[in-house]
Structure formats: C-alpha cells, structure tokens
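Chemist:
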Amino acid sequence: MKIISGGTTDYRIVIPECPTQSERFAADELAKYFFRITGVSMTVCDENAPLWDKEIVIGRAGIMDSGIDFPELGEEGYALKSLDEKFYIAGGTRGVIYGVYSLLEDLLGCGFFAPDCECVPKLEELSLPETDIKIIPVFSFRDAYWHSAFDTDYAVKRKLNNASGRPIPDSCGGGVSYAGSFVHTFNHLVDPDIYFESHPEYYGLTESGERKPYQLCLSNHKVFDTALESVKKLLRENPGARIISVSQNDGGNPCVCPACSAFDRDHGGTPSASIINFANMIAEAIENEFPDVLVDTLAYQYSRSAPEGIVPRENVIVRLCSIECCFSHPIDDCRRTARVAWDSAVSKKSFPEDLNEWGLICKHIHIWDYTTDYSHYLSVFPNFNVLRQNVGFFADNSAVGIFEQGNYSSISGEFGELKAYLLSRLLWNPYMTEGEYSGYIDTFCNAYYGAGGKYIREYIDFCHSRARDVHFGINHDPLAIIPYETESDKYAGESFLKIAEELFDSAMKASDDEIIRSRIAKSAVQLVYYGALLDDKRQNHERLEAANRILYDLLMKFGITHISEWGHLRPENEIDFTKSPVYFMG
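Here the numbering used here is used: the first residue of the sequence shown is 174, the next is one more, and so on.
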C-alpha cells in the first residue's frame with residue numbers, strides 16, 4: 174500500500190464515532206509520526222464521515238469489515254491487517270496503541286531506544302506491506318524497573334504496562350496499577366507506629382522470644398481484621414487498581430509463635446504456608462466487592478519454597494524472587510547460588526525446583542528478577558548473556574508476569590538505557606532467538622552511541638569474556654566480577670582497564686556529536702569507578718584520591734545521585750576522597 178507519495182496522500186485515518194481515549198491517542202500518534210517521517214499531514218476523522226476508499230482504520234472502527242476477532246485480542250493484544258485498500262490496526266485498551274507503535278517500529282523503521290533517543294526515518298514515499306498478523310503478549314505484567322523506563326511515554330512505546338509504580342495516563346491506555354505500595358506492605362497494612370506499642374502481639378515473635386515489628390503474626394485474627402480494613406480502604410480510594418499487595422516486609426524474621434510455627438510445620442515446614450493462607454483469606458474477603466482485583470504476595474527469601482497442602486486462590490499472585498541466584502550464568506543451568514539458606518527449616522531446593530513447584534499449584538506466577546549490582550550501581554555487571562535465557566526460562570515455566578528490577582534510584586552510569594530497552598523487548602517477546610537478541614544490542618548501540626557503538630559492543634563482549642567463569646550475585650564486589658588478580662596475572666585489573674579505556678577512547682573519537690559523546694562519557698563512568706576501587710585495593714592512596722575526585726565530578730556532571738541502592742550521594746564537603754568511593758553514599 175502506497176500511503177504517502179509526492180508530498181500528498183489519498184489515505185485518511187479513521188476512528189470510531191465515539192472513540193476511547195486510547196483509540197484517539199493511537200490515531201493522533203500515528204498521524205504525528207507519519208508527519209515526522211514524510212512531512213505530510215493526514216486527516217483523522219470518525220467512521221461516520223463520507224465513504225472513502227483508502228483508509229487506515231483504528232480500533233473498533235469498521236471492525237465488522239476486517240474479519241478480525243476483536244474480543245480475542247483482550248486488553249493488550251493487537252492485529253495489523255491489510256485488506257483491499259484499507260489497513261486495520263485493531264486492539265484493546267492498550268493493544269491498539271501497541272499496534273501503532275509496532276507498525277512504526279517494525280514496518281517503518283522507527284526506533285524507540287530511550288526517552289532521549291528516538292530514531293525516525295525521513296521518507297519521501299511511505300508504503301505499508303501486505304500484512305496479516307496478530308500478537309497477544311505472553312506476560313500480562315511487564316515492568317523494567319530501571320530509571321530510564323520511569324518515563325511513561327517511553328514505557329508505553331516499549332509496551333511496558335507498569336511504569337514502576339508511576340501511573341500510565343488513561344489517554345495512553347493506562348496500565349496494571351496497584352492500590353498503595355507495590356511490595357513489602359505488611360507494615361503499611363498494620364502500621365507499627367499506630368499499633369506496636371499497644372498491640373505488640375500483632376507482630377512476629379522472633380527467635381529471641383521478643384515481639385518485633387519485622388513481620389506480622391499471621392495467625393492473629395485481629396491482624397487479619399486490621400489488614401483487611403486497610404486493603405479495602407486502599408481499593409476504595411483507587412477504583413482503577415488491579416492489584417493489591419499483601420506481602421512480607423523486606424528482611425527475615427518470620428513469626429515463630431506456636432500457632433504460626435505449627436501451621437507452617439503442618440504445611441511443608443516453610444513460612445510461605447502462613448503467608449499464602451493469609452493472602453487467601455484477604456483474597457476471599459474482597460472478591461465480591463472487587464472481583465477484578467488480584468492479591469499479590471511474595472515468595473521471597475525465607476518464603477521462597479512452596480507449601481504443601483495449601484494452594485493460592487485464583488485471585489492470588491505469587492511473586493517468586495530470584496535474589497539468591499547467580500546472574501552470570503542462566504538460572505536453569507547454574508545452581509551455585511540458587512539455593513535458599515535462610516533457615517534450617519526452609520527447603521534447600523534450587524530456584525528452578527521452587528519455580529516448578531509453585532507452577533503446579535498457582536495460576537498467577539510473577540517473577541521478581543534482578544539485573545544490576547545493588548551495592549555498586551556504577552560497576553561493570555556483565556549479565557547481557559543471561560537476560561534472554563532467563564526471561565525465556567520464566568516464560569517456559571508458568572510465569573505470567575515479570576518485574577525486572579535494575580537501578581531504579583538514579584540515572585545510570587553503566588548501561589541502564591540499554592538494559593531497559595532489551596528487557597522491554599524480552600518481556601514482549603521472550604522467545605526471540607539469540608540472533609534477534611544480539612541484533613537488538615547492535616541496533617541500540619549504533620543508535621545511542623552513534624559511530625562509537627561498535628566499540629561499545631566490543632567492550633560489552635570483552636567484559637563477558639573476562640567474567641565468563643565467575644559466579645556473581647546482586648551485591649558482588651566488582652573486583653571479583655572482573656577479577657583484579659588471577660593466578661596467571663597479578664595485574665589483571667590494570668590490563669582490563671587498559672583495553673576497556675582504549676575501546677571507550679575509540680568510541681569517543683568516532684563521533685563529533687556532543688550528545689553522542691556525552692552518552693559515551695556517561696557510560697564510561699563505570700571504568701572510573703572500577704579504577705577507584707582498584708586503587709583502594711592496591712592501597713595507592715594518591716591515585717585513589719585523584720580518581721575519586723574525577724569520579725565525583727562526573728557524577729555531578731551527569732546527575733547521578735546513587736552509586737548503590739542505599740542512602741544518597743553525600744555533599745562534596747562531607748566526603749573523604751582518600752577512602753573507597755563506596756563511602757560517597759550517606
């Protein structure tokens with residue numbers, strides 16, 4: 174179909190007589206990008222306008238003529254179909270918008286790489302190929318919890334339906350929203366500032382024999398009543414919410430009172446038994462008033478293993494967390510760090526075994542996955558080789574939702590934009606081939622880093638080669654991830670830096686565009702950070718102080734406020750630059 178040619182068009186964009194906000198938004202976005210591509214404005218009109226032979230039909234407009242099974246698409250599926258001289262973009266609330274962005278990206282060569290990096294081709298002639306495709310996403314919940322993906326416009330273009338707790342406007346199709354906090358909510362539901370002093374029995378009994386506000390005592394009926402009241406209040410205040418979190422606080426210390434301990438012991442010896450029972454009770458109590466709401470709880474650390482003799486209700490999500498795993502090798506192939514070791518009563522099963530057992534009893538399995546080093550946000554963290562395999566493994570093993578946690582605290586000095594982009598691609602298509610995945614890395618690097626992209630890609634591959642035999646987790650020493658010393662090379666860290674710096678220098682020299690050069694320099698902060706850690710390890714205090722001052726200036730220049738998950742970057746006058754840069758955080 175030749176849509177635009179010679180500075181004019183015979184086509185118009187058609188929307189329903191009473192369009193939804195998302196149908197109107199989809200049509201306007203299509204017209205906007207057609208204009209950016211060709212400089213030609215296209216009319217948007219409703220289906221009651223005079224008959225026209227050549228149309229791009231949006232949403233439910235003319236759906237009876239298209240042969241598309243609209244209900245089958247649900248909220249997020251979409252169909253693109255050419256028929257005679259009409260082109261149909263059909264989909265549900267969000268699906269119709271995804272269909273427009275897919276047309277622009279997959280058929281016309283647009284690229285939505287980062288909030289500050291879009292590539293839009295310039296064409297004198299715009300044509301659409303003969304098309305008949307239908308896409309329904311594998312995962313119903315998709316979140317890349319990286320700072321760059323907090324931009325809701327970007328999140329919608331990347332088909333992320335939860336912008337990390339930030340509401341996606343209804344005009345952009347909305348998203349899967351939470352009522353209240355999205356995780357670690359026990360203390361939000363039964364606030365210890367209100368209840369602990371007068372009712373310490375509401376909170377977990379610790380091994381020391383004291384009640385502490387670490388977790389809730391889930392066998393206490395008053396705790397259930399109080400939590401239920403909080404849940405209903407949050408849902409009534411957030412009528413569009415689809416999920417409510419009823420989940421353990423961060424950290425350990427499950428309640429070991431006689432009632433909780435007996436219940437857990439009778440159901441497989443895991444504290445997840447009490448948690449699932451409590452979530453089930455909440456879910457049952459709210460389902461009549463809130464039939465479309467799911468109760469989300471965690472299988473995390475001490476509760477990671479599935480219980481016996483109790484199953485999550487149909488309106489309960491179990492979010493299984495991979496926090497103990499190795500992130501250097503695919504989760505299903507590497508068992509070294511995938512076992513729970515929090516309590517002698519907890520099963521020491523591997524993560525794949527736990528996922529399999531939850532899959533046998535739970536309809537809604539979500540995964541909480543981890544994609545950065547939380548003690549060293551700026552560090553080299555070569556996990557690109559496992560992202561594709563892990564997401565595919567989750568899809569093959571019953572997961573219907575994925576939360577990919579990364580550096581959510583700050584602008585990234587590593588490869589945050591690239592990781593958010595790749596994860597969004599994988600969450601939409603977890604079954605892509607290795608060749609497709611590698612191609613997306615190349616495409617991003619060439620778009621984001623310009624002519625220097627090939628050197629950045631070479632650096633990424635180089636890091637993976639250096640870390641190939643290392644098992645690393647989410648709070649790992651960067652000097653162990655890229656070993657600073659090996660049996661055969663005492664100065665392995667220095668040799669790594671020499672090659673890495675040469676690659677970044679080549680990338681910088683390849684471009685004279687200041688925006689591109691700034692992106693390269695921001696990503697190169699990871700080398701300055703590694704070098705400062707190395708100077709500290711070698712006790713080279715003079716070099717360390719100089720490296721730290723360079724590092725701090727770069728953090729200020731690029732607006733990087735966090736080098737780890739905890740605390741905040743100290744003011745310059747509070748920093749001792751003769752110490753490791755980990756002390757930049759206060």
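Here a beta-carbon is modelled for each residue, glycine too, at the ideal position from N, C-alpha and C. Computed from a predicted model, the values in this text were never measured in an experiment.
Leaving out the 5 sequence neighbours to the left and right, which residues in its chain are closer than 6 Å to L760 when beta-carbon positions are compared?
Modeler: Summary: the structure shown does not reach residue 760, with the chain confined to residues 174 through 759, and so no result is reported for it.
Chemist: With a cut-off of 8 Å, do at least 3 Cβ pairs link the stretch 382-391 to the stretch 423-438?
Modeler: Result yes; three or more Cβ-Cβ pairs closer than 8 Å.
Chemist: Please name the residue in E607, G346, V356 and T399 whose C-alpha comes closest to that of F794.
Modeler: Given a span of 174 to 759 for the chain in the structure shown, any question on residue 794 remains unanswerable.
Chemist: Note down, in chain order, each residue of its chain lying with its Cβ closer than 6 Å to the Cβ of S214, except the 5 sequence neighbours on either side.
Modeler: Taking the sequence shown and counting its residues from 1, one reaches residue 214 at position 41. Correct list, in chain order: F208.
Chemist: Exposed or buried, what is I504 when buried is set at 16 or more other beta-carbons lying within 10 Å of its beta-carbon?
Modeler: The count along the sequence shown starts at 1 and reaches residue 504 at position 331. Counting Cβ neighbours within 10 Å, I504 comes out buried, since at least 16 surround it.
Chemist: Skipping 5 residues on each side, what residues in its chain have a beta carbon closer than 8 Å to that of D749?
Modeler: Translated into the one-based positions of the sequence shown, residue 749 becomes position 576. Taken in chain order, the residues that qualify are Y756.
Chemist: Can you give me the Cβ contacts of E228 inside the same chain, cut-off strictly under 7 Å, excluding the 5 residues immediately before and after it?
Modeler: As a position in the sequence shown, residue 228 is number 55, starting the count at 1. Cβ within range, chain order: Y184, R185, V187 and K259.
Chemist: Taking the straight line between their C-alpha atoms, what separation do you get for Y435 and S476?
Modeler: For the purposes of this step, residue 435 is taken as the residue at position 262 of the sequence shown. For the purposes of this step, residue 476 is taken as the residue at position 303 of the sequence shown. In the sequence as displayed, the identity of residue 435 is Ala instead of Tyr. Looking at the two C-alpha atoms, the distance is approximately 15 Å.
Chemist: How is V513 classed by DSSP in three states: helix, strand or coil?
Modeler: Working through the sequence shown from its first residue, we reach residue 513 at position 340. Any reading at V513 must be qualified, since the residue scores a pLDDT of 48, below 50, and its modelled position is unreliable; the value itself is stated next. Three-state DSSP puts V513 in coil, outside helix and strand.
Chemist: Output yes or no for whether 8 Å exceeds the beta carbon distance between V489 and T470.
Modeler: Indexing the sequence shown from 1 puts residue 489 at position 316. Indexing the sequence shown from 1 puts residue 470 at position 297. Their beta carbons are under 8 Å apart, which means V489 touches T470 by this criterion.
Chemist: Out of I176, L728 and G759, which one is the CA nearest neighbour of W739?
Modeler: As a working mapping, residue 739 is identified with position 566 in the sequence shown. Closest by alpha carbon: G759.
Chemist: Measure the alpha-carbon distance for L182 versus P412 and round it to whole angstroms.
Modeler: In the sequence shown, counting from the first residue as 1, residue 182 sits at position 9. In the sequence shown, counting from the first residue as 1, residue 412 sits at position 239. Checking the displayed sequence, the identity of residue 182 turns out to be Thr instead of Leu. Looking at the two C-alpha atoms, the distance is approximately 43 Å.
Chemist: Tell me whether H320 sits in a helix, a strand or coil according to DSSP, three-state version.
Modeler: Residue numbering aside, residue 320 sits at position 147 when the sequence shown is read from its first letter. Correct three-state label for H320: helix.
Chemist: Using the C-alpha atoms, what's the distance from A322 back to G382?
Modeler: As a position in the sequence shown, residue 382 is number 209, starting the count at 1. As a position in the sequence shown, residue 322 is number 149, starting the count at 1. So the two alpha carbons sit approximately 44 Å from each other.
Chemist: Roughly how many angstroms lie between the CA atoms of A720 and P754, to the nearest whole one?
Modeler: Along the sequence shown, one-based indexing puts residue 720 at 547. Along the sequence shown, one-based indexing puts residue 754 at 581. Taking the straight line from one Cα to the other gives about 9 Å.
Chemist: Any idea if T659 is buried or exposed, counting beta-carbon neighbours within 10 angstroms, 16 or more meaning buried?
Modeler: Residue 659 sits at position 486 when you count from the first residue of the sequence shown. By the neighbour-count rule (16 or more Cβ atoms within 10 Å), T659 is not buried but exposed.
Chemist: Please classify Y604 as buried or exposed, where buried requires at least 16 neighbouring CB atoms within 10 angstroms.
Modeler: Here residue 604 is taken as the residue at index 431 of the sequence shown, counted from 1. With fewer than 16 other Cβ atoms within 10 Å, it is exposed.
Chemist: Near G250, what residues of its chain come up, given a Cβ to Cβ distance below 8 Å and the 5 sequence neighbours on each side ignored?
Modeler: For the purposes of this step, residue 250 is identified with residue 77 of the sequence shown, where counting begins at 1. G264, G265, G268, K307, I308, I309 and P310.
Chemist: Going by beta-carbon coordinates alone, are K254 and I241 separated by less than 8 Å?
Modeler: By 1-based counting over the sequence shown, the position of residue 254 is 81. By 1-based counting over the sequence shown, the position of residue 241 is 68. Taking 8 Å as the Cβ cut-off, K254 and I241 qualify as a contacting pair.
Chemist: Quick one: Cα of L533 to Cα of Y261, how far?
Modeler: Counting from one through the sequence shown, the residue named residue 533 turns up at place 360. Counting from one through the sequence shown, the residue named residue 261 turns up at place 88. Answer to the nearest angstrom: the Cα atoms are 40 Å apart.
Chemist: Which term fits I459, buried or exposed, when burial requires 16 or more other beta carbons within 10 angstroms of its beta carbon?
Modeler: As a first step, residue 459 must be located in the sequence shown, where it is residue number 286. So I459 counts as buried.
Chemist: Below 7 Å CB to CB, which residues in the same chain sit around E687 once its five sequence neighbours on both sides are set aside?
Modeler: As a first step, residue 687 must be located in the sequence shown, where it is residue number 514. Counting only Cβ-Cβ distances below 7 Å, and skipping sequence neighbours, we find nothing.
Chemist: Is it the case that the stretch 661-673 contacts the stretch 699-713, given that we only count it when at least three CB pairs across the two stretches are under 8 Å?
Modeler: In short, these stretches touch, since the Cβ pair count reaches three.
Chemist: Starting from the C-beta of V519, find all residues in its chain whose C-beta is less than 7 Å away, skip the five residues before and the five after it, and write them out in chain order.
Modeler: Translated into positions along the sequence shown, residue 519 becomes position 346. Confidence is the limiting factor: at V519 the pLDDT is only 49, short of 50, which leaves the residue's position unreliable, though a coordinate-based value still follows. Excluding positions up to five away in sequence, the list reads T443, Y475, S478 and V513.
Chemist: Report the partner residues of R492 according to the DSSP bridge assignment.
Modeler: For this step, residue 492 is matched to residue 319 along the sequence shown. According to DSSP, R492 bridges with L471 and H539.
Chemist: Which same chain residues, not among the five before or five after P365, have their C-beta less than 6 Å away from its C-beta?
Modeler: Here residue 365 refers to the residue found at position 192 of the sequence shown. Correct list, in chain order: P386.
Chemist: What is the DSSP secondary structure of E258, counted as helix, strand or coil?
Modeler: By one-based count along the sequence shown, residue 258 stands at place 85. Residue state, collapsed to three classes: coil.
Chemist: When the distance is taken between beta carbons, is F576 closer than 8 Å to H537?
Modeler: Locating residue 537 in the sequence shown gives position 364, where the first residue counts as 1. Locating residue 576 in the sequence shown gives position 403, where the first residue counts as 1. Cβ distance not < 8 Å, so H537 and F576 don't count as in contact.
Chemist: What does the alpha-carbon distance come out to for the pair E422 and N360?
Modeler: The residue you call residue 422 lines up with position 249 of the sequence shown. The residue you call residue 360 lines up with position 187 of the sequence shown. The identity of residue 422 in the sequence shown is Asn, whereas the question assumes Glu. For N422 and N360, the distance between alpha carbons rounds to 7 Å.
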